[in-house]
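A.B. asks:
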Amino acid sequence: MSRRTARPRRPSAAPVSPVTAASPCPCGLPATYAECCGRFHAGAAAPTCEALMRSRYAAFVVRDVAYLLRTWHPDHRPAVLDLDPGQRWEGLEILETTEGSAFHTTGTVTFRAHFTAGGHRDSLHEKSRFVRYEGAWVYETAVFAD
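Taking the working numbering, the leading residue of the sequence shown gets 6, the next gets one more, and so forth.
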């Protein structure tokens, strides 16, 4: 999910229904987007690294590049983030979380994110590392599991 390179723009394969405040949250938790990840996108701090991971996934779904960059550790943040307009995120599975609570300074989240690109279904299996930076959780690095 951390695409760093620019790629030529392709037209979208299919129109996507916009996520609204009243839509189910794309992260998969049983709440509306506004009550769940939308509040983090609007500026609230994620209380755990799992909440940040879920909100970053939702940011990919709604194409909130500013949020993705803002929640990326500055030592690893790309200058530009170019999202593939033909890629559609379709579901998130949290497989494991270690540490990452209000009492920790680091944590990891292992997840599988399902997507469709170019008419083909696939998934991204990643173990992401999060750290506290200036008091807030930020995404630091990842190891791709597959």
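Beta carbons: idealized from backbone N, C-alpha and C, even for Gly.
Could you tell me the alpha carbon to alpha carbon distance between residue 77 and residue 134, rounded to whole angstroms?
C.D. replies: Counting from one through the sequence shown, the residue named residue 77 turns up at place 72. Counting from one through the sequence shown, the residue named residue 134 turns up at place 129. Rounded to the nearest angstrom, the two C-alpha atoms are 11 Å apart.
A.B. asks: Following the continuous beta strand (DSSP E) through residue 119, name the residue where it begins and the one where it ends.
C.D. replies: Numbered from its first residue, the sequence shown carries residue 119 at position 114. That run of the beta strand (DSSP E) goes 111-122.
A.B. asks: If you draw a straight line from the C-alpha of residue 148 to the C-alpha of residue 113, how long is it?
C.D. replies: Position 143 of the sequence shown, counted from the start, is the residue given in the question as residue 148. Position 108 of the sequence shown, counted from the start, is the residue given in the question as residue 113. Taking the straight line joining both Cα atoms gives about 10 Å.
A.B. asks: Report buried or exposed for residue 20, applying the criterion of at least 16 other Cβ atoms within 10 angstroms of its Cβ.
C.D. replies: Indexing the sequence shown from 1 puts residue 20 at position 15. Bear in mind that the predicted position of residue 20 carries a pLDDT of just 46, short of 50, making it unreliable; the figure below should be weighed with that in mind. Flag for residue 20 reads exposed.
A.B. asks: Report all residues from its chain with a CB closer than 6 Å to the CB of residue 23; omit the five preceding and five following residues, and keep chain order.
C.D. replies: Numbered from its first residue, the sequence shown carries residue 23 at position 18. Cβ neighbours of residue 23 beyond the five flanking positions: none.
A.B. asks: Is it the case that the Cβ atoms of residue 54 and residue 98 are separated by a distance below 9 Å?
C.D. replies: Position 49 of the sequence shown holds residue 54. Position 93 of the sequence shown holds residue 98. Not a contact, by the Cβ cut-off of 9 Å.
A.B. asks: Taking residue 56 as part of the alpha helix (DSSP H), name the residues at either end of that continuous run.
C.D. replies: The residue given as residue 56 occupies position 51 in the sequence shown. Start and end: 54-67.
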